[in-house]
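Below is one structure, written out as structure tokens; comments come after it.
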Amino acid sequence: MTEPELEISTAVGLVERYAAALVSGVPDRPDDDGFFGPGSVTWRLAADLSAPVAGLRSVLIQALHPLAMAGVDQHSDWRRDPVGRLAATSAYVATITYGDRASASRAAERVRVIHDHVRGTDTVTGLPYAAGDPALLLWVHAALVDSVLAAARLFGTPLSDADADAYVGEMAVSAELLGVPRGLIPDHVAALAEYIDGVRPVLRRTAAAAESMGYMLDPEGMGEEVAELWQDLRDAALAALPGWARDLYGYPDPPPVTPARRTEIRQTLGVFDAVFMAEPGVLEARQQLALRMRAAAGSGGRGGVVPPEGSSANRG
Numbered sequence: 560m561t562e563p564e565l566e567i568s569t570a571v572g573l574v575e576r577y578a579a580a581l582v583s584g585v586p587d588r589p590d591d592d593g594f595f596g597p598g599s600v601t602w603r604l605a606a607d608l609s610a611p612v613a614g615l616r617s618v619l620i621q622a623l624h625p626l627a628m629a630g631v632d633q634h635s636d637w638r639r640d641p642v643g644r645l646a647a648t649s650a651y652v653a654t655i656t657y658g659d660r661a662s663a664s665r666a667a668e669r670v671r672v673i674h675d676h677v678r679g680t681d682t683v684t685g686l687p688y689a690a691g692d693p694a695l696l697l698w699v700h701a702a703l704v705d706s707v708l709a710a711a712r713l714f715g716t717p718l719s720d721a722d723a724d725a726y727v728g729e730m731a732v733s734a735e736l737l738g739v740p741r742g743l744i745p746d747h748v749a750a751l752a753e754y755i756d757g758v759r760p761v762l763r764r765t766a767a768a769a770e771s772m773g774y775m776l777d778p779e780g781m782g783e784e785v786a787e788l789w790q791d792l793r794d795a796a797l798a799a800l801p802g803w804a805r806d807l808y809g810y811p812d813p814p815p816v817t818p819a820r821r822t823e824i825r826q827t828l829g830v831f832d833a834v835f836m837a838e839p840g841v842l843e844a845r846q847q848l849a850l851r852m853r854a855a856a857g858s859g860g861r862g863g864v865v866p867p868e869g870s871s872a873n874r875g
């Protein structure tokens, strides 16, 4: 295989798997609007151009928790197939976001079963860990929610303070589906910031975090053109990182995001999205979601943001 062919093969494989992840999560004939619904802020942000930046930023922050990183390092095959692991996570998130409540609940149950077997001892801290520990689940959840908001503010569609609070509140459902007690989950932006500040003393860059994030920021096998696009995505994620996270990794502070640089990064995100849209099934899935969102907007409804059955939010 020639070098240009390797570049195309790598890029197409990446895009194909992420496209399949989205398509798998969008039901053809949903029984209901799911836990969020087409009028929710969650749906709107999931479709935003800034979503890839949020995804990369979230794994950078999640990896700084030594126990969460130990579980990934000791029990996943990310070194053999890092794209496959991320694609599987994307498929799960798509199902939770867009699937009907039965499909989302089944997906969460499958993850809980997997988590039951992911346990061990972190070689850095010497502490035991379990993937199903609500404290670790909450950290992964909070890093994602915070990253979606940070990426949207820098590179996405402008978001009001009220919508930001609404998004944090809506997303509490996703953490609860995995077993985090509702009372522990931040439900507005200030509570989310307070929670993250409270966890910061235990965060650190372990060798596993440095290795895995080194791959994510500079993946092998990319040709010059693809690497140039990825550079913009990487720069955007690093710019969106809080200063304390960059300090833990030892990354230098990026240059300020000027209006011109923001436009440049958004253009790159548009290119990624155009390539993504060309994959089988993606256009149809996007069209279906857009129609449902327009219908919800026309009816003035926010969608079906509801807590899981049996949730404390449904009691008393």
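The number in this note's numbering is simply the position in the sequence shown, starting from 1, with 559 added. Glycine included, every Cβ here is placed at the ideal spot set by N, Cα and C. Just so you know, these numbers come straight off a predicted model, no measurement behind them.
Just tell me which of the options has its CA closest to the CA of residue i.
i: Met-852; options: Ile-824, Thr-817, Ala-766, Ser-599; result: Ser-599
i: Ala-768; options: Val-618, Met-730, Asp-591; result: Val-618
i: Gly-614; options: Arg-660, Ala-701, Pro-687; result: Ala-701
i: Arg-763; options: Asp-806, Ala-578, Gln-846; result: Asp-806
i: Gly-829; options: Leu-581, Arg-576, Ala-606, Phe-595; result: Ala-606
i: Gly-630; options: Thr-822, Ala-647, Asp-692; result: Asp-692
i: Ser-635; options: Ala-856, Leu-737, Leu-792, Ser-771; result: Ser-771
i: Gly-912; options: Ala-650, Ser-664, Thr-765, Val-612; result: Here the chain has residues from 560 to 875 only, and residue 912 is not among them.
i: Tyr-808; options: Ala-844, Gly-773, His-747, Thr-817; result: Gly-773
i: Pro-611; options: Ser-858, Glu-843, Val-761, Thr-827; result: Thr-827
i: Ala-592; options: Asp-794, Ser-858, Leu-792, Tyr-657; result: Per the sequence presented here, residue 592 reads as Asp, with Ala not at that position. Comparing Cα-Cα distances from Asp-592 to each of Asp-794, Ser-858, Leu-792, Tyr-657, the minimum goes to Tyr-657.
i: Ser-649; options: Leu-695, Glu-729, Val-582, Ser-609; result: Val-582
i: Asp-632; options: Ser-662, Pro-740, Ala-690; result: Ala-690
i: Ser-609; options: Glu-838, Tyr-651, Arg-793, Gly-840; result: Arg-793
i: Gly-728; options: Leu-713, Ala-709, Ala-750; result: Ala-750
i: Val-739; options: Ala-711, Ala-799, Leu-695; result: Leu-695
i: Ala-711; options: Pro-687, Ile-655, Val-748, Ala-799; result: Ala-799
i: Phe-595; options: Arg-825, Val-652, Tyr-810, Leu-708; result: Val-652
i: Val-574; options: Ala-833, Ala-854, Gly-857, Ala-856; result: Ala-833
i: Arg-616; options: Ala-856, Val-699, Arg-821; result: Val-699
Assign residue i to one of two classes, buried (16 or more other C-beta atoms within 10 Å of its C-beta) or exposed (fewer than that).
i: Arg-759; result: exposed
i: Ala-578; result: buried
i: Met-836; result: exposed
i: Ala-819; result: exposed
i: Gln-846; result: exposed
i: Pro-625; result: buried
i: Thr-601; result: buried
i: Val-571; result: Unreliable placement is indicated for Val-571, whose pLDDT of 41 sits below 50; the coordinate value is still reported in the next sentence. Per the 10 Å Cβ criterion, exposed.
i: Glu-735; result: buried
i: Gly-716; result: First, the amino acid is wrong: residue 716 is Thr here, not Gly. Result: exposed.
i: Val-670; result: buried
i: Gly-742; result: exposed
i: Leu-842; result: exposed
i: Asp-812; result: exposed
i: Leu-713; result: buried
i: Val-704; result: buried
i: Ser-719; result: exposed
i: Ala-849; result: exposed
i: Ile-824; result: buried
i: Ser-733; result: buried
i: Asp-791; result: buried
DSSP on residue i, reduced to helix/strand/coil?
i: Gly-875; result: At Gly-875 the pLDDT is 37, less than 50, meaning the model places this residue with poor confidence and gives no usable figure here.
i: Tyr-577; result: helix
i: Pro-687; result: strand
i: Glu-823; result: helix
i: Leu-792; result: helix
i: Arg-588; result: coil
i: Ile-755; result: helix
i: Ile-673; result: helix
i: Glu-728; result: First, the residue type needs correcting, since residue 728 is Gly and not Glu in the sequence shown. Correct three-state label for Gly-728: helix.
i: Tyr-808; result: helix
i: Ser-858; result: helix
i: Arg-763; result: coil
i: Leu-703; result: helix
i: Val-739; result: coil
i: Asp-832; result: helix
i: Leu-645; result: helix
i: Ser-599; result: coil
i: Val-816; result: coil
i: Phe-714; result: helix
i: Ala-622; result: coil
i: Gly-593; result: coil
i: Ser-609; result: coil
i: Glu-787; result: helix
i: Gly-658; result: coil
i: Pro-801; result: coil
i: Asp-746; result: coil
i: Asp-722; result: helix
Going by DSSP, name the residue or residues bridged to residue i.
i: Pro-839; result: In the DSSP output, where bridge partners are listed per residue, Pro-839 has none listed.
i: Thr-680; result: Pro-687
Using a beta-carbon distance below 7 Å, is residue i in contact with chain B?
i: His-674; result: No chain B appears in this structure, which consists of one protein chain only.
Validate contact between the region 677 to 689 and the region 715 to 724 using beta carbons, cut 8 Å, 3 pairs: no
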